[in-house]
Structure formats: structure tokens, C-alpha cells
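The block underneath contains the structure these notes are about, expressed in C-alpha cells.
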Amino acid sequence: MNARHLFVADDIGPMNIHQDSTFGLMLHCQDRGFEVYHCDTDGLLGRTSGAMARCRPVQVREVVGDHYTIGESEVLPLGAFDAIWMRKDPPFDMNYIAATYILDGAPATTRVVNRPSSLRDWNEKAAVLRFPELAPRCLLTRNMAEIKAFQRDVGGSVVIKPLAFSGGTGIVALHPGDLNTNALLEISTRNGEEFVLIQQYMPEVTEGDKRVILVNGELGGALLRVPPADDLRGNIHVGARTEYVQLEPAEVVLCEALKQPLKDAGHIFVGIDLIGGKLTEINVTSPTGIREILHAGGTDLAAALVDAALA
Ligand SMILES: Nc1ncnc2c1ncn2[C@@H]1O[C@H](COP(=O)(O)OP(=O)(O)O)[C@@H](O)[C@H]1O
Ligand SMILES: [Mg+2]
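Per this note's numbering: the sequence shown = residues -5 to 305.
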């Protein structure tokens, strides 16, 4: 079968070929003899005559500094692709949402990963509210007085999470008695105008944040990301150290509970974050981690993901 794959993603030039999951997926598709195309969201065209993409064929290789060759641009209907990988990085803003409206126009014969309507429905920070028994205590609000009351209620520290970002951007911990409390809340909520997710602080974060890749709801592999000594955040982008890990039995049970809801939502490529055995984030927009798992001797999850997309 000669499948054709479109990757909607940021430019290929700056991609780190050792870390970038989109690059890993492209490489795997190419190794299987599939055609690979790329566009950014500016290539998506929502026409009344049908959804299209102005995109370019691309060849990739694992050579630092010379990792791709890109062809001439062509306009193709979304139906020309067997799979479309929506891998645009946040911000999760109106531009992101508009792109999902265009991807909604793909015919049933084209698998969009992840399903565009579910990308809109499952905000990566707020989606943990769907699983109260798996997550730390949370409050989604833009009311600063409510945040302070919630912090008193949980009796300790909380973490403030803006809804639109990823890679640790805007994530801060708020400790009791911090004289910056009001200022931090004003900055994070833009004076009460913007919703944030407030989450109970998990002290186990110093031991690491586990990234678990779920492929169509099934457990793929996991990485432990240990934050740098001077940072709360266990994101690879801010310099966290990674190691390949096995999950604890209780963590496997947690993943089992997510399996059916993720399958039902068409969330084929998901990366959940676990701290102290609790579900702290559900990454659906452009999860990472498959390259690190592969380099650490784990399975090549790109293969499992492409199989799931074409099933
Ligand atoms: N509830 C929490 N308790 C302690 N640390 C947290 C908590 N939630 C997140 N963090 C820290 O902040 C980092 C980023 O938070 P996360 O919710 O995963 O957002 P993102 O990765 O999208 O920026 C995590 O890797 C972790 O180090
Ligand atoms: Mg995270």
C-alpha cells in the first residue's frame, strides 16, 4: 500500500532530529515507502468546495544540519491523504481552533490524528477535570479570590497553569505565605480576565514527572523527566533529564482507566503526565517522547502510531 501522509506542523528546518516526535513519524513513514507532505497551518484552506492544503512533499534523513529536502508546493484536497497528523505546537488559540475547523472537513477515508473535534474538546490542562479520581485536586477559574480559597482548602501549595501553552510556559508554583501571591495571580489571570487551571502541588515532582505515551489508548512506553535543580518544571524544553522507565502497577491501572475514553475521542497519539502517581496533564496537541524512548532502547512507537492511524 502506498499511503500518503500530511504533517501539519511548524517548520522542519529548526526540528531537533534526535528529539522531535514529528520528525520521527516522518522518518518512519518514509522508511515504509509512504509519501510524506508538510505544511504549517497557513497552508490549510477551508473552501466551500472542500478542505485543501497547500503543502510540499518532503524527504527526511537522520543527518544533523542536512535533515530534509522539500519539494515544490501543490494544493491537494485533504481527501488525497490517508492520514493527516495535526502536530502544530500550542498556543492553543483561535488560530489553532480555526485549523481544526478546516481539518474537520477531511473525508471519513482520511484519518486525522488526533480527531480535530477532540483537540478542541480536550484542553490539555483542563481535561484532567474529566478524571477526578485520577488527578490531584483542581480548580478551573479566573476568579482570584476563589484561587486563594482553594489554596487554603488544600492546605499547601498549588500550581498555576495557563490553558494555552505547553513546554512549561507560564507554569508557576504558589506556596503559602508567598508575598508575590496577589501579583502572581494578577499576572497569570491577567487581572481576572483569563481562566487558569489551579492544581494541588505534588511534592513528588522533585523525583520527576513521568511522560507516558498512549497509542490509541494502549500503553506504549514511559519516560521519567527529572526537573533541573533550579526549576519546578520537568519539561524537556527547560532542560529536564530523561530516563526510560517502567510504570508502577498502580500507574498501569490509571492508564487502563483512560483507554476507552481516549479511543472513543479518537485520541490516537497522547502523552499523559504523572506526578506522584497522579494524572497532572493530558497532552493531545503534539505530544513528544517517542524519540527518547527509542534512543533509550524502548520500542519504536512511531510504528505503532502509524499502524493505529492507518487501521
Ligand atoms: N500538580 C503539580 N505539582 C507539582 N509540579 C507540577 C504539577 N503540575 C505540573 N508540575 C510541574 O510543571 C511542569 C509542567 O506542567 P504541565 O502541567 O505538565 O504543563 P506543560 O508540560 O504543558 O507545560 C511539569 O513537568 C512539572 O514539573
Ligand atoms: Mg507536561
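We put the beta carbon where it would ideally sit given N, CA and C, even for glycine. Keep in mind that this is a model prediction, so the values were computed, not measured.
{"Query": "Considering only the alpha carbon of each residue, which of I6, D34 and R219 lies closest to L21?", "Result": "I6"}
{"Query": "Helix, strand or coil for P197? Go by DSSP, reduced to three states.", "Result": "helix"}
{"Query": "What is the rounded straight-line gap between the Cα of A(-3) and the Cα of R55?", "Result": "19 Å"}
{"Query": "Quick one, are the C-beta atoms of A45 and L0 less than 8 Å apart?", "Result": "no"}
{"Query": "Less than 6 Å between C-beta atoms, sequence neighbours within five positions excluded: which residues of the same chain meet that for G186?", "Result": "R136 and M138"}
{"Query": "If you drop the 5 nearest sequence neighbours on each side, which residues of the same chain put their C-beta closer than 7 Å to that of S151?", "Result": "A167, L168, H169, P170 and Y195"}
{"Query": "Could you give the distance in angstroms between the alpha-carbon of V153 and the alpha-carbon of Q193?", "Result": "5 Å"}
{"Query": "For R227 versus I165, is the C-beta distance shorter than 8 Å?", "Result": "yes"}
{"Query": "Sorry if obvious, but does the Cβ on G283 come closer than 7 Å to a heavy atom of ligand 1?", "Result": "no"}
{"Query": "Nearest-angstrom Cα distance between M9 and L133?", "Result": "35 Å"}
{"Query": "Given a threshold of 16 other Cβ atoms within 10 Å of its Cβ, counted over all protein chains shown, does L173 qualify as buried or as exposed?", "Result": "exposed"}
{"Query": "Apply the 10 Å Cβ neighbour rule to P126 and answer buried if 16 or more other Cβ atoms are within range, or exposed otherwise.", "Result": "exposed"}
{"Query": "Take G37 and list the residues in its own chain whose beta-carbon comes closer than 7 Å to its own, dropping the five residues that flank it on each side.", "Result": "A47, R48 and C49"}
{"Query": "May I ask whether a heavy atom of ligand 1 can be found less than 7 Å away from the beta carbon of N229?", "Result": "yes"}
{"Query": "Any heavy atom of ligand 2 within a distance shorter than 7 Å of the CB on E245?", "Result": "no"}
{"Query": "Starting from T175, trace the alpha helix (DSSP H) in both directions and tell me its first and last residue.", "Result": "T175 to T183"}
{"Query": "Does the distance from the CB of M88 to the CB of V2 come in under 8 Å?", "Result": "no"}
{"Query": "I think L217 touches G283, with their Cβ atoms under 8 Å apart; what is that distance to the nearest whole Å?", "Result": "5 Å"}
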